[in-house]
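I have placed the structure first, in the form of structure tokens, so that the comments after it can refer back to it.
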Amino acid sequence: MRERMRGMDPGDQLPTESDLCEQYRVSRITLRHAVEDLIQEGLLVRRQGRGTFRTEGGPGTEHEVISDHILGFYRQQQDLGNVVHTKVLSNEVANEPEVARRLGLADDASLIRLERLRYVGPNLKQHVVTFLPATRFSKVLHEDFSDGSLYAFLEGHYAVRLVENEVVVRLQPIYDDIAGYFGVDNGTPVLAMDSTVFDEFGSIIAFGVALHPPLDAEVRFVIRAQKDVGPVQE
Numbered sequence: 004m005r006e007r008m009r010g011m012d013p014g015d016q017l018p019t020e021s022d023l024c025e026q027y028r029v030s031r032i033t034l035r036h037a038v039e040d041l042i043q044e045g046l047l048v049r050r051q052g053r054g055t056f057r058t059e060g061g062p063g064t065e066h067e068v069i070s071d072h073i074l075g076f077y078r079q080q081q082d083l084g085n086v087v088h089t090k091v092l093s094n095e096v097a098n099e100p101e102v103a104r105r106l107g108l109a110d111d112a113s114l115i116r117l118e119r120l121r122y123v124g125p126n127l128k129q130h131v132v133t134f135l136p137a138t139r140f141s142k143v144l145h146e147d148f149s150d151g152s153l154y155a156f157l158e159g160h161y162a163v164r165l166v167e168n169e170v171v172v173r174l175q176p177i178y179d180d181i182a183g184y185f186g187v188d189n190g191t192p193v194l195a196m197d198s199t200v201f202d203e204f205g206s207i208i209a210f211g212v213a214l215h216p217p218l219d220a221e222v223r224f225v226i227r228a229q230k231d232v233g234p235v236q237e
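Each residue of the sequence shown is one higher than the last, beginning at 4 in my numbering.
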């Protein structure tokens with residue numbers, strides 16, 4: 004189903020449930036679970052009385068989907084059918100007391116500071132700096148993130164499941180190198196997103212700040228309540 008989304012244009016409607024069940028040879032309940040997952044990921048939207056449609060938007064729209072699993076920018080854009088490229092500006096050990104406190108660490112804790120420019124096609128969409136505990140995630144220092152997802156790397160190499168992203172959206176003036184990347188004057192305010200990412204045990208895994216160019220400062224949030232699994236039956 005996710006691969007199918009990549010071949011659909013924004014606004015295209017899915018076939019009926021009965022048609023999809025026949026095509027994929029699955030039950031209605033299985034199909035509905037799959038569609039619900041794609042809605043949570045921001046790939047589909049359900050319109051009451053009309054049907055289910057491919058999400059409107061495209062390369063110019065950021066998607067931050069808050070559900071039961073954190074995908075991150077790379078995988079969300081990839082699932083939307085966009086080509087994502089990353090320019091790594093730095094990947095190094097740093098000491099920043101204020102950030103260490105955000106990660107629940109001592110002020111003098113060693114941090115990994117990963118600074119990147121994120122492109123969708125030829126267009127710069129984000130300048131992002133991500134911090135992680137260096138002692139726990141040392142393999143990050145030796146990985147090339149010019150093509151790939153940091154969150155997928157953490158899940159694959161450290162078996163963490165990222166389930167919560169606390170996001171603060173604000174305006175921040177930018178200067179010097181970052182202003183140069185975005186092609187704007189020093190002091191120009193841009194959209195900033197502070198993200199604190201947690202695993203399933205409530206541990207803070209990463210803290211990051213993503214800055215968006217002034218012409219691409221639209222962010223779409225999809226926020227869904229946790230599914231109620233109901234009482235356990237003996």
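Here a beta-carbon is modelled for each residue, glycine too, at the ideal position from N, C-alpha and C. In this text the structure is predicted, and so the values were computed from the model without any measurement.
Query                                                                                                                                                                                : Result
Would you identify the three-state DSSP class for PHE140, choosing helix, strand or coil?                                                                                            : coil
Can you give the beta carbon distance from VAL123 to GLN80, rounded, assuming they're within the 8 Å contact cut?                                                                    : 6 Å
Can you find at least 3 beta carbon pairs, one from the region 112-120 and one from the region 129-138, that sit closer than 8 Å?                                                    : yes
Excluding five sequence neighbours on each side, which residues of the same chain lie with their C-beta closer than 8 Å to the C-beta of LEU144?                                     : ASN94, GLU95, VAL96, ILE115 and ALA137
Given a threshold of 16 other Cβ atoms within 10 Å of its Cβ, counted over all protein chains shown, does PRO192 qualify as buried or as exposed?                                    : exposed
Report the partner residues of TYR122 according to the DSSP bridge assignment.                                                                                                       : HIS88 and LEU127
With a threshold of 6 Å on Cβ separation, who are the neighbours of GLU203 within its own chain once the five nearest residues in sequence on each side are excluded?                : ARG164 and VAL166
With distances taken Cα to Cα, identify the nearest neighbour of LEU120 among GLN43, ALA103, PHE185 and THR58.                                                                       : PHE185
Could you name the residues of the same chain whose beta carbon sits closer than 6 Å to that of ILE181, not counting the 5 residues immediately before and after it, in chain order? : HIS130
DSSP on SER21, reduced to helix/strand/coil?                                                                                                                                         : helix
Could you tell me the alpha carbon to alpha carbon distance between GLU30 and THR199, rounded to whole angstroms?                                                                    : The residue asked about is misnamed: residue 30 is Ser in this sequence, not Glu. SER30 and THR199: Cα-Cα distance of roughly 38 Å.
Short of 6 Å in beta carbon distance, which residues of its chain neighbour VAL171, apart from the five on each side in sequence? Order them along the chain.                        : ASP197
Suppose you measure from the CA of GLY205 to the CA of TYR77; what does that come to, to the nearest Å?                                                                              : 23 Å
Judging by CA-CA distance, which residue of LEU23, VAL102 and LYS128 is the nearest neighbour of GLY211?                                                                             : VAL102
According to the Cβ coordinates, are ARG45 and THR58 closer than 8 Å?                                                                                                                : With the sequence shown as reference, residue 45 is identified as Gly, and Arg is not the correct amino acid for it. Yes; because the gap between Cβ atoms is below 8 Å, this pair is in contact.
Put ASP147 into one of helix, strand or coil per three-state DSSP.                                                                                                                   : coil
Run through the DSSP bridge pairs and tell me what GLY54 is partnered with.                                                                                                          : ARG50
Name, in chain order, the residues that DSSP records as bridge partners for LEU117.                                                                                                  : ASN94 and THR133
Since GLU118 and LEU92 are thought to touch, with beta carbons under 8 Å apart, how far apart are those beta carbons, to the nearest angstrom?                                       : 4 Å
With distances taken from CA atoms, which of VAL87, ILE208, LEU214 and ILE32 is nearest PRO125?                                                                                      : VAL87
Looking at the structure shown, is PHE29 part of a helix, part of a strand, or coil, going by DSSP?                                                                                  : One point to set straight first is that residue 29 is Val, not Phe, in the sequence displayed. Three-state result, VAL29: coil.
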